[in-house]
Amino acid sequence: MIIAGALVIGALLIGWLAPVSMARLGGRGNPGLELTWWLALASAAVTSIVTAGVLLVFGDHPHVIHGPWQACWAILGHPHVHPLDELVGVALLALLFLAAVRVAQSIRRRIQSQQRAHRAHLAAVSVSSLSRVGDVLWLEHDALFAYSIAGSPGLVVASTALHRLPGLHLDAVLRHERHHLRQRHHWMVIAADAVSDTLPRVPLFRATAAATRTLTELSADESAARDCGTDAVAAALLALGKSERSVALRLRRLSASAGSPPRGPLLVPHVMACLTSSVLPAILGGALVGTVITITC
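Heads up: the sequence shown begins at 87 in the working numbering, then just goes up one per residue.
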């Protein structure tokens with residue numbers, strides 16, 4: 087019960103305190119790495135709750151597994167099992183299962199909506215309302231806009247009015263959208279929004295959904311800036327007339343990264359972010375429970 091309780095407490099601490107810490111620490115580094123932190127923390131909170139439920143249900147039954155893991159399982163189990171442990175564990179896992187079903191349904195609806203949009207755009211090409219050049223669908227329109235649609239293949243939709251932009255600025259717009267497709271940002275946004283809609287009372291999930299939308303845009307801006315320059319990306323942002331608040335943030339990040347040297351491989355920082363996030367709930371919960379036991383015993 088103690089280990090399971092520590093995991094639950096750690097998950098709750100992450101769920102309510104992580105957004106505050108991330109808001110203070112974020113905004114200074116690589117947006118892709120920052121996005122990894124958000125997604126890893128959200129995943130760690132869920133994993134900790136699941137692990138706690140499993141320990142409560144099976145912690146006093148080491149025979150459920152065999153071999154070298156048996157000793158480890160016994161250590162994590164309960165030397166003195168409370169009769170309610172299994173009931174609490176089953177209830178916890180049942181609630182998580184219901185939440186997972188709702189998340190899956192939400193993701194399915196969003197993917198179906200994206201697939202309908204993808205099919206509609208491809209169908210429009212066949213009736214000549216759109217012209218396709220490579221992966222770009224050009225729509226005859228006087229307004230400046232561009233967006234991407236995930237699918238097979240991924241599509242970039244752009245208005246013909248973009249041809250009025252200087253060549254480098256147009257290239258920045260297209261590279262921005264292609265980066266979204268290449269990094270599968272659409273699926274990240276769909277998953278984060280689905281979890282947030284299912285569990286809106288958990289601050290971490292709400293903040294992760296908002297951060298995912300913002301950081302995917304910043305990541306695409308940074309990618310385009312590496313190829314076309316920050317000035318071209320900034321000019322394209324202003325030309326497309328995005329919301330003032332969004333543009334202000336993105337321009338600040340572009341300006342901050344303008345003098346920075348090209349970033350090297352980020353595999354190690356991403357792996358470290360995932361590993362640190364995965365053990366953080368256990369560390370926080372264990373520290374708090376250990377402190378309480380030390381004080382009261």
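Beta carbons: idealized from backbone N, C-alpha and C, even for Gly.
Per the C-alpha coordinates, the member of Ala206, Ser282 and Gly175 positioned closest to Arg188 is Ser282. Beta-bridge annotation (DSSP): Trp102 is not paired with any residue. In this structure, Leu290 and Pro105 form a Cβ contact; the two beta carbons are roughly 6 Å apart against a cut-off of 8 Å. Here Leu324 is exposed. Its C-beta has fewer than 16 other C-beta atoms within 10 Å.
Taking C-alpha positions only, Leu340 is separated from Gly115 by approximately 11 Å. Comparing alpha-carbon positions, the option among Ser129, Gly240, Ala236 and Leu230 lying closest to Ala247 turns out to be Leu230.
In this chain, the alpha helix (DSSP H) harbouring Arg188 covers Leu170 to Ser212.
The continuous alpha helix (DSSP H) containing Leu366 extends over residues Leu353 to Thr382. A check of alpha carbon separations from Arg205 across His272, Ser238 and Ala90 identifies Ser238 as the nearest. With 16 or more other CB atoms across the displayed protein chains lying within 10 angstroms of its CB, Gly101 is buried.
Remark: three or more beta-carbon pairs, one from each stretch, lie closer than 8 Å, so the region 87-101 and the region 132-146 are flagged as touching. Secondary structure in the region 230-314: the alpha helix (DSSP H) runs of 4 residues or longer, each lying completely within the stretch, are 253-268, 271-284 and 289-314 in chain order. For Arg218, the enclosing beta strand (DSSP E) begins and ends at Leu216 to Val219. For Leu254 and Leu326, the gap between their C-alpha atoms comes out near 14 Å. Closest by C-alpha distance to Leu98, out of Ser129, Pro117 and Thr122, is Ser129. Straight through space, the alpha carbons of Val132 and Arg110 are spaced by roughly 23 Å. Residue range Pro117 to Phe144 is occupied by the alpha helix (DSSP H) that includes Gly139. At the C-beta level, Gly118 and Leu301 come within 9 Å of one another. Rounded to the nearest angstrom, the Cβ distance from Ala306 to His262 is 4 Å, consistent with a contact under 8 Å. A residue is called buried when at least 16 other Cβ atoms come within 10 angstroms of its Cβ; Arg338 does not meet this threshold and is exposed. Rounded to the nearest angstrom, the gap between the Cα atoms of Ala209 and Gly372 is 56 Å. A Cβ-Cβ distance of about 7 Å is found for the pair Ala232 and Val243, placing them in contact under the 8 Å criterion.
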